[in-house]
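Asker:
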Amino acid sequence: MRSTALVTGASSGIGAEFARQLAARGHDLVLVARSVDRLDALARELRAAHGIEAEVIGQDLASPGAAERVAAELEARGLTVDLLVNNAGFGTAGRFAEIPAERERDELMVNVVALVGLTHMVLPGMLARGRGAVVNIGSTAGFAISPYFATYAASKTFVLNFSLALWSELRGSGVKVLAVAPGPVETAFFDVIGSRQAAIGAKMGTPAEVVTAALRALDRDRGYVVPGRGNFGMAHLMPRRPRKLLALIGRRVTRQVADALTVPAR
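Start counting the sequence shown at -12; every next residue gets the next number (our numbering).
Structure (structure tokens):
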């Protein structure tokens, strides 16, 4: 019997690439995002290419009770999740006081609340079966103090610490947990933020590189992975500095983003 993977934010970018690589590995899929038309097209593509089953659930994960609605839909369709990929997320950048409060709320609902809710939804069943995995997509920003990315970076710090805590807690249970912390990636992320300057001159990775590194790390039960040698080095140098000094250095590096930014509607 094939295992079933649920991927959030599967309509584009890293989420769509997870769906493609998991389908190539023989996983059936549940694809979750707001853009049902895109999900339907991807589901048709992957069914034809790999002979797998692919279900689509349209859901805005920023809305209260989103995880519970996804759980109810899974139960109604008789679906069991063996691998959860919490990929959905977005960022805000700029001066915190100038970013609409509702946008920051939506960011935390997607990046943190829905991620925790979906993990809570699938974990009891995985533990009862003695197998399963949860992959949470964070960011190298989760290792840093990032002025002008305050809410986004803090949300990704949560993802990293939450994931590693569960990885440790569940050792020996048969259930794996992995945090993935990519640097800048060629996706729509920077279009949503409103400026490609948010990459701060870093070399862009590709969704394929991120997902390949993530699945390799999951196979090895690594706990977390930072794809790319340059990203790995930066992520692990930053926490070694005094926290207030790091915040001040971060302000000098990221202020150019705030100066250039316009904040689009989500």
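All C-beta atoms in this analysis are idealised placements derived from N, C-alpha and C, irrespective of residue type, glycine included. Predicted model, so just to flag it, every value in this text is computed and none were measured.
Output the distance between the C-alpha atoms of D93 and S50, rounded to the nearest integer angstrom.
Answerer: 8 angstroms
Asker: Quick check: the Cα distance between S126 and E173, rounded to an integer number of angstroms?
Answerer: 14 angstroms
Asker: If you measure between the beta carbons of D69 and G119, is that distance less than 9 angstroms?
Answerer: yes
Asker: In the DSSP output, what is A41 paired with across the bridge?
Answerer: L16
Asker: Output the distance between the C-alpha atoms of S(-1) and E32, rounded to the nearest integer angstrom.
Answerer: Distance between the alpha carbons of S(-1) and E32 is about 13 angstroms.
Asker: Do A41 and R34 have their C-beta atoms within less than 9 angstroms of each other?
Answerer: yes
Asker: Count the other CB atoms within 10 Å of the CB of N148; is the residue buried (16 or more) or exposed (fewer)?
Answerer: Exposed, by the Cβ-count rule.
Asker: Quick one: complete alpha helix (DSSP H) runs, 4+ long, within the segment 63 to 118?
Answerer: 88 to 95 and 102 to 116
Asker: May I ask which residues mark the beginning and end of the alpha helix (DSSP H) holding V164?
Answerer: No alpha helix (DSSP H) holds V164; the beta strand (DSSP E) holding it covers V162 to V167.
Asker: To the nearest whole angstrom, what separates the beta carbons of V57 and L18, a pair I think is in contact under 8 angstroms?
Answerer: With 8 angstroms as the limit, V57 and L18 do not qualify as a contact, their Cβ atoms being about 11 angstroms apart.
Asker: Given a cut-off of 9 angstroms on the beta-carbon distance, is the pair S142 and G210 in contact?
Answerer: no
Asker: Taking the alpha-carbon positions, what's the S133 to A140 distance?
Answerer: 6 angstroms
Asker: What is the rounded straight-line gap between the Cα of R158 and the Cα of L165?
Answerer: 12 angstroms
Asker: Is DSSP giving I124 helix, strand or coil here?
Answerer: strand
Asker: Between which residues of its own chain and V197 is the CB-CB distance below 8 angstroms, once the five residues before and five after are set aside?
Answerer: So the qualifying residues of the chain are I1, E4, V167, P169, V172 and P214.
Asker: Less than 9 angstroms between the beta carbons of V23 and L71, yes or no?
Answerer: No; because the gap between Cβ atoms is not below 9 angstroms, this pair is not in contact.
Asker: Quick one: Cα of V250 to Cα of M191, how far?
Answerer: Per-residue confidence for V250 stands at a pLDDT of 44, beneath the threshold of 50, marking its modelled position as unreliable; the derived number appears in the next sentence. Rounded to whole angstroms, V250 to M191 spans 22 angstroms at the Cα level.
Asker: Determine the contact status of L26 and A101, defining contact as a CB-CB distance below 9 angstroms.
Answerer: no
Asker: Can you check DSSP and say which residues form a bridge with L(-7)?
Answerer: V17 and L71
Asker: Taking the alpha-carbon of L202 as reference, which of E91, N123 and G65 has the nearest alpha-carbon?
Answerer: N123
Asker: What is the DSSP secondary structure of V135, reduced to helix, strand or coil?
Answerer: For clarity, residue 135 is Tyr in the given sequence; the question names Val instead. In this structure, Y135 counts as coil in the three-state DSSP scheme.
Asker: Relative to the alpha-carbon of L153, which residue among L110, S(-10), F130 and L16 has its alpha-carbon at the smallest distance?
Answerer: L110
Asker: For K163, which option in N218, N98 and G117 has the closest C-alpha, if you only look at C-alpha atoms?
Answerer: G117
Asker: Judging by CA-CA distance, which residue of R216, E55, N74 and S160 is the nearest neighbour of M108?
Answerer: E55
Asker: Beta carbon of A255, beta carbon of A20: below 9 angstroms?
Answerer: The chain is shown only over -12 to 253; residue 255 falls outside these bounds and no answer can be derived.
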